[in-house]
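Asks: In order, the protein sequences belong to chains V and Y.
UniProt numbering numbers the first residue of the first sequence as 1 and each following residue consecutively.
UniProt numbering numbers the first residue of the second sequence as 1 and each following residue consecutively.
Every residue gets a Cβ at the ideal spot worked out from N, C-alpha and C, and that includes glycine.
Take this structure, written in structure tokens, and hold onto it; I'll ask about it next.
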Amino acid sequence: MSAAPATLYETMAACLARDFADGEVGFTGLLTGQAAAIYGTSIPIVAMELARRQHAPNLTLLLAGCYHNPDFSALETMPDSEHDATLRDLPAEAQTYDYPGQWALKRGDISFGFSSAVQVDRQGNINSVCIGPHDRPKVRLVGPILQPEHMTLFRREYIMMPHHERRNFVEKVDYVSGVGYPGGLEGRKELGLDWGGPAWVITPKCIFDFDRERGFMKVRSIHPGVTAEDLQGATGFDLGDLSGVPTTEALSAEELRIIREEIDPRQMLLKH
Amino acid sequence: MAAPKSKLMSLTEAVDMVPDGTRLALGGFAVYQKPMAFVRELIRQGRRDLTVVGSANSYDIDMLAAAGCLATVETSYVGLEKYGLARHFRRAVEAGELKVVDYPEMVSWDRFRASQEGLKFWPIPFLGGNDVVTYNDAIKEFPCPITGRRMFAVPAADPQVVVIHAVAADDRGNVVLPARRLLPQSGDVLMARSCDTVIVTAEKIVPHSFIKRHARLVEIPSYRTKAVVEVPFGAHPTPVLGRYLADEDHLAEYVAASDSADSFKGYMDRFVTGPADHFDYLDRIGAKRLAAIQDMDSLL
Numbered sequence: 001m002s003a004a005p006a007t008l009y010e011t012m013a014a015c016l017a018r019d020f021a022d023g024e025v026g027f028t029g030l031l032t033g034q035a036a037a038i039y040g041t042s043i044p045i046v047a048m049e050l051a052r053r054q055h056a057p058n059l060t061l062l063l064a065g066c067y068h069n070p071d072f073s074a075l076e077t078m079p080d081s082e083h084d085a086t087l088r089d090l091p092a093e094a095q096t097y098d099y100p101g102q103w104a105l106k107r108g109d110i111s112f113g114f115s116s117a118v119q120v121d122r123q124g125n126i127n128s129v130c131i132g133p134h135d136r137p138k139v140r141l142v143g144p145i146l147q148p149e150h151m152t153l154f155r156r157e158y159i160m161m162p163h164h165e166r167r168n169f170v171e172k173v174d175y176v177s178g179v180g181y182p183g184g185l186e187g188r189k190e191l192g193l194d195w196g197g198p199a200w201v202i203t204p205k206c207i208f209d210f211d212r213e214r215g216f217m218k219v220r221s222i223h224p225g226v227t228a229e230d231l232q233g234a235t236g237f238d239l240g241d242l243s244g245v246p247t248t249e250a251l252s253a254e255e256l257r258i259i260r261e262e263i264d265p266r267q268m269l270l271k272h
Numbered sequence: 001m002a003a004p005k006s007k008l009m010s011l012t013e014a015v016d017m018v019p020d021g022t023r024l025a026l027g028g029f030a031v032y033q034k035p036m037a038f039v040r041e042l043i044r045q046g047r048r049d050l051t052v053v054g055s056a057n058s059y060d061i062d063m064l065a066a067a068g069c070l071a072t073v074e075t076s077y078v079g080l081e082k083y084g085l086a087r088h089f090r091r092a093v094e095a096g097e098l099k100v101v102d103y104p105e106m107v108s109w110d111r112f113r114a115s116q117e118g119l120k121f122w123p124i125p126f127l128g129g130n131d132v133v134t135y136n137d138a139i140k141e142f143p144c145p146i147t148g149r150r151m152f153a154v155p156a157a158d159p160q161v162v163v164i165h166a167v168a169a170d171d172r173g174n175v176v177l178p179a180r181r182l183l184p185q186s187g188d189v190l191m192a193r194s195c196d197t198v199i200v201t202a203e204k205i206v207p208h209s210f211i212k213r214h215a216r217l218v219e220i221p222s223y224r225t226k227a228v229v230e231v232p233f234g235a236h237p238t239p240v241l242g243r244y245l246a247d248e249d250h251l252a253e254y255v256a257a258s259d260s261a262d263s264f265k266g267y268m269d270r271f272v273t274g275p276a277d278h279f280d281y282l283d284r285i286g287a288k289r290l291a292a293i294q295d296m297d298s299l300l
């Protein structure tokens, strides 16, 4: 095994893995582009595979929302197309080819998912629709995609943010395409949302979680080498007193061994 | 016995069925199996004020936006996946020339399900707090008549014309889909059942006997189809499952040409407005490229 020290991405994957419970169903997209693919696809896959090899052998991984527990060892490289023959022909436990398919989305079959956004705000709302006014935006983005469903029908959501700058972490998003905790848990209840909402926000600088009762994001841990001043300076809203916030927990030697020897021996997902 | 009617026609004739102002659904999903030959013909004929309703869109919308064919887009996504934002779409929206009505992805499919079921709306419970509702007067809040809980009536997709691109059909309009299909192909089936004017462009027009040997795979029977057009490589540069891959070189060229409306003019002249017809387009792509993107489907 490589003696290289654990990377930040491996550390994030281990943190996530510890948060998954046995029997859960995790939904990951197939993102492309260097940083987006690492945060949106590679880290979630490594995290779920790690959990499956440790405390959660009954966890189901949904790759691209369709391919149930696919056999990654049968891949030569990570594909960059969700709906082509490479993934269709990859051995898996079940394959979704229609909507509605195997998972009963609106009954809450999906335990957790991963999304990224151009903006996220203190309440955990996310935006991938537009910057500026909706009818005459400064920047028109791709649209809501599956974010509304991720943030309400999934039991919880991990927001994966490859960039942590003031323009991404804003006081209020320009468009709510995925609902966080406006008014806290009571607020979500009044909006008719039965469950779900963001659990964590993972960035190159820190991991956030939420005071769900009161409805705002708080820093759960700061990554090694990042100062509280760095973090506050890169965030467009007040993070409060960061003096008691721990450093992001390191991986154990065993977690690192499983990732490098069993899950990703060819460094197809995470390079180190 | 009288002979069954042939619905075979030219691409030009099929596009005649889509007048200015049509509410149109284009099959495929995101960057997969888009009826691109039909889109290019819409541009050649100078269609205006189209509304495109979809689930997830890409080069179809972007090219129509570049040519000024669109008034409104109703969908969950317009982007080029690995190539990022759809530049022409983006510019048209930012200039206030193109209206976007945003819908969540699964709700977009539900809107076609509503049309398939002959309903004018689909009930959705999970839109509270989402700006999808804020900017859309057509979504109406109502109490669930059984429980009283807060619900949203989302309008049916209600397309006037649906265009899909399939691997094969016969001249009567029986459309066969591969057994091992994926979401984009299943989405085409849903769309084709949501509307009474269905146009199918097909890689190959097959004999009726071929259809009869694959009866279980005829998800769209002849009575659902108004027109069939034989258009080999009709989804190019997007892929057709099991037939050909995305033409990555061409897509990269498309994106490189998309920096501005001016820089895109050369692309449009060469590949859209310049070619006399689809076969002229294929000549310009070239046999070498077309051969290179052919897919070797599973032999099992």
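For V:Glu213 and V:Gly184, what's the separation of their Cα atoms in angstroms?
Replies: Each residue's alpha carbon lies about 5 Å from the other.
Asks: Any beta-carbon of chain Y closer than 8 Å to the one on V:Thr11?
Replies: Cβ-Cβ to chain Y under 8 Å: no for V:Thr11.
Asks: Compare the beta carbon distance of Y:Ala202 and Y:Ala156 with 8 Å and say whether it is the shorter of the two.
Replies: In this structure, Y:Ala156 does not lie closer than 8 Å to Y:Ala202 by Cβ.
Asks: Could you tell me which of Y:Val18, Y:Lys204 and Y:Ser76 sits nearest to V:Val142, measuring between CA atoms?
Replies: Of Y:Val18, Y:Lys204 and Y:Ser76, the residue nearest in Cα terms is Y:Ser76.
Asks: Say whether chain Y places a C-beta atom closer than 8 Å to the C-beta of V:Ser177.
Replies: Output row for V:Ser177: interface = yes.
Asks: Using a Cβ cut-off of 8 Å (strictly closer), state whether V:Ala4 contacts chain Y.
Replies: V:Ala4 does not count as touching chain Y.
Asks: Identify which residue in V:Ile207, V:Arg156 and V:Gly192 has its Cα closest to the Cα of V:Asp109.
Replies: When only C-alpha atoms are compared, the closest one is V:Arg156.
Asks: With a cut-off of 8 Å, does the C-beta of V:Ala85 fall near any C-beta of chain Y?
Replies: Cβ-Cβ to chain Y under 8 Å: yes for V:Ala85.
Asks: Closest by CA to V:Ser116, which one among V:Ala92, V:Ser81 and V:Leu30?
Replies: With distances taken between Cα atoms, V:Ser116 lies closest to V:Leu30.
Asks: With DSSP as the reference, label Y:Leu11 as helix, strand or coil.
Replies: Helix, per DSSP.
Asks: Quick test of your reading: residue 306 of chain Y and Y:Phe152, contact by CB under 8 Å. State the CB separation rounded to the nearest angstrom.
Replies: Missing from the structure shown is residue 306 of chain Y; chain Y here goes from 1 to 300 and no further.
Asks: Per the contact definition of three or more C-beta pairs closer than 8 Å, is the segment 155–169 of chain V in contact with the segment 196–203 of chain V?
Replies: Touching, yes, given that three or more Cβ pairs across the two stretches are closer than 8 Å.
Asks: Please confirm whether any heavy atom of the ligand ZN lies closer than 7 Å to the CB of V:Asp211.
Replies: Among the components of this structure there are no ligands whatsoever, and the ligand ZN is therefore not found.
Asks: Comparing the C-beta of Y:Leu11 with each C-beta of chain V, is any distance below 8 Å?
Replies: No, its Cβ sits nowhere closer than 8 Å to a Cβ of chain V.
Asks: What residue does the beta strand (DSSP E) around V:Ser221 start on, and which one ends it?
Replies: Segment Phe216 to Ile222, the beta strand (DSSP E) holding V:Ser221.
Asks: Can you tell me whether V:Arg136 is buried or exposed, with buried defined as 16 or more other CB within 10 angstroms of its CB?
Replies: Result: exposed.
Asks: So V:Leu231 and V:Glu10 are in contact, right, with Cβ under 8 Å, and what is the actual spacing, rounded?
Replies: That belief does not hold up - the Cβ atoms of V:Leu231 and V:Glu10 are roughly 21 Å apart, past 8 Å.
Asks: Per DSSP, Y:Asp20 is paired with what?
Replies: Answer is none; Y:Asp20 lacks a bridge partner.
Asks: Closer than 7 Å by beta-carbon distance: list the chain Y residues that pair up with V:Gly192, in chain order.
Replies: Within chain Y, the residues near V:Gly192 are Pro125, Gly128, Arg149 and Arg150.
Asks: Let me know the beta strand (DSSP E) ranges lying completely inside the segment 47–107 of chain Y, each 3 residues or longer, listed in chain order.
Replies: Those beta strand (DSSP E) runs which fall completely within the segment 47–107 of chain Y and span 3+ residues are 50–53, 70–75 and 99–102.
Asks: Check for me: the alpha helix (DSSP H) holding V:Arg257 runs from which residue to which?
Replies: V:Arg257 -> alpha helix (DSSP H) spans Ala253 to Arg257.
Asks: Using the beta-carbon count (16 or more within 10 Å), is Y:Gln294 buried or exposed?
Replies: Classification of Y:Gln294: exposed, given that the 10 Å Cβ count is below 16.
Asks: Give me the DSSP bridge partner(s) of V:Gly113.
Replies: DSSP output for V:Gly113 lists V:Phe27 and V:Glu157 as bridge partner(s).
Asks: So V:Pro148 and V:Ser177 are supposed to be a Cβ contact under 8 Å. How far apart are they, rounded?
Replies: V:Pro148 to V:Ser177, Cβ: 6 Å. Contact.
Asks: Determine, for V:Ile145, whether the minimum Cβ-Cβ distance to residues of chain Y falls below 8 Å.
Replies: Yes - at least one Cβ of chain Y is within 8 Å of the one on V:Ile145.
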